[in-house]
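Since the structure comes first, as structure tokens, the remarks are kept for the end.
Numbering (this note's numbering), first residue to last: 43 to 255.
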């Protein structure tokens, strides 16, 4: 089995199945299966866990490039789209639980929360920004948008910042976990910044070196 076959037949299916594990475990908790439980407030538990899982997938999506560069795994970037779509999937579940189970489809309360609660405002903004990324995730849209596709999908950086910010403001007392997420995000964004600076410096030096005759 060559590398391409391993990717299609092993790595990609494994990542897909693993990405569904958080959903499966929470569903087990909802029906009290296999010892799983959602605790005294199942709606808040679902809402929190779906949101945190979405944030995990956002960070995993950003982790793809460092893993490819540092570990020399050329096929890893091909998993990025799947990870990004699962981030969008869990964000939608997070919002659906909040809207349907928590607010009971009371849109007046929803709009009031968006206007009055800053952490909900930020979270809703992240959801809105994720929608065009999810819609344009197909190969057809990539070809249609061309270079604009890459520029559009750089919104993932803004979305990740908003997601961590949303998590931080949502937590009222113990902010250690949101701060860990913030530190991880800072490292991932910092890595990209240093690489961009290094490339710019390399191009600058190359441009100033005179050609040999």
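Idealized CB from N, CA, C, for every residue including glycine.
Coarse secondary structure for residue i, derived from DSSP in three states
| i | result |
| --- | --- |
| residue 236 | helix |
| residue 78 | coil |
| residue 115 | coil |
| residue 101 | helix |
| residue 150 | helix |
| residue 166 | helix |
| residue 138 | helix |
| residue 44 | coil |
| residue 178 | coil |
| residue 188 | coil |
| residue 301 | Nothing in the structure corresponds to residue 301, since the chain is present only between 43 and 255. |
| residue 217 | coil |
| residue 244 | helix |
| residue 155 | helix |
| residue 145 | coil |
Of the listed residues the options, nearest to residue i (C-alpha basis)
| i | options | result |
| --- | --- | --- |
| residue 118 | 128, 102, 89 and 130 | 102 |
| residue 133 | 97, 52, 158 and 64 | 97 |
| residue 115 | 123, 200, 45 and 159 | 45 |
| residue 111 | 148, 233, 54 and 52 | 233 |
Check whether residue i and residue j have beta carbons under 8 Å apart
| i | j | result |
| --- | --- | --- |
| residue 167 | residue 205 | no |
| residue 156 | residue 163 | yes |
| residue 170 | residue 126 | no |
| residue 143 | residue 152 | no |
| residue 203 | residue 210 | no |
| residue 105 | residue 221 | no |
| residue 180 | residue 191 | no |
| residue 197 | residue 187 | no |
| residue 67 | residue 78 | yes |
| residue 124 | residue 57 | yes |
Rounded Cβ spacing between residue i and residue j (contact assumed at less than 8 Å)
| i | j | result |
| --- | --- | --- |
| residue 139 | residue 88 | 5 Å |
| residue 71 | residue 136 | That pair is no contact at about 15 Å. |
| residue 49 | residue 120 | 7 Å |
| residue 128 | residue 99 | 5 Å |
| residue 64 | residue 95 | 5 Å |
Same chain only: Cβ atoms within 8 Å of residue i, ignoring 5 sequence neighbours per side
| i | result |
| --- | --- |
| residue 255 | Caution is warranted here: a pLDDT of 45 is assigned to residue 255, below 50, making its placement in the model unreliable, and no coordinate value can be reported. |
| residue 236 | none |
| residue 260 | Since the first residue shown for the chain is 43 and the last is 255, residue 260 is missing from the structure and cannot be characterised. |
| residue 91 | 64 and 68 |
Chain-order list of residues whose beta-carbon lies under 7 Å from that of residue i (same chain, five-residue window excluded)
| i | result |
| --- | --- |
| residue 81 | 87 |
| residue 122 | 103 and 106 |
| residue 189 | none |
Own chain residues within Cβ distance below 6 Å of residue i, not counting five before or after
| i | result |
| --- | --- |
| residue 227 | 202 and 206 |
| residue 208 | 161, 164 and 165 |
| residue 212 | 161 |
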